[in-house]
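Report on the following structure.
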Amino acid sequence: MASITFRALIILVLIFSIQIYEVQKFDKLIRLYLTITITTATSERAFSALNRVKNTLRSSMTQSRLSHCLLAHIYKEKLDKIDPNQIMSTFISSNEQRQALFGLMF
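Number 32 in the UniProt record's numbering belongs to position 32 of the sequence shown; there are no gaps in the numbering.
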């Protein structure tokens, strides 16, 4: 246990002793390492979803719309659990103008 904390302390001293430019490169390296998936199953699932979402009928959508459609397709189970009426009532009740406009519906 003491050797682990000693190693961590040595690493921290090394990080603080190097220049800021090198710390920024180290930060970028750590961020890249943390975003790499351990297996390729997640990536393969995403590409399979891409084939289902972007078909010949929807071949000319923007990158932003494609990303949003893929997220909705991949997390469909979680989205099915969300109650849209609760979201609508929260949206309407947050503003007096919305209450006047949409208040008749609820």
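Every residue, glycine too, gets a C-beta built ideally from N, C-alpha and C.
Check whether Ala72 and Leu66 have beta carbons under 8 angstroms apart: no
Specify the secondary structure class of Asp27 as computed by DSSP and reduced to three states. helix
Would you mind reading off the limits of the alpha helix (DSSP H) that contains Ile36? Per DSSP, Ile36 belongs to no alpha helix (DSSP H) and is neither H nor E.
Three-state secondary structure (DSSP) of Asn95: coil
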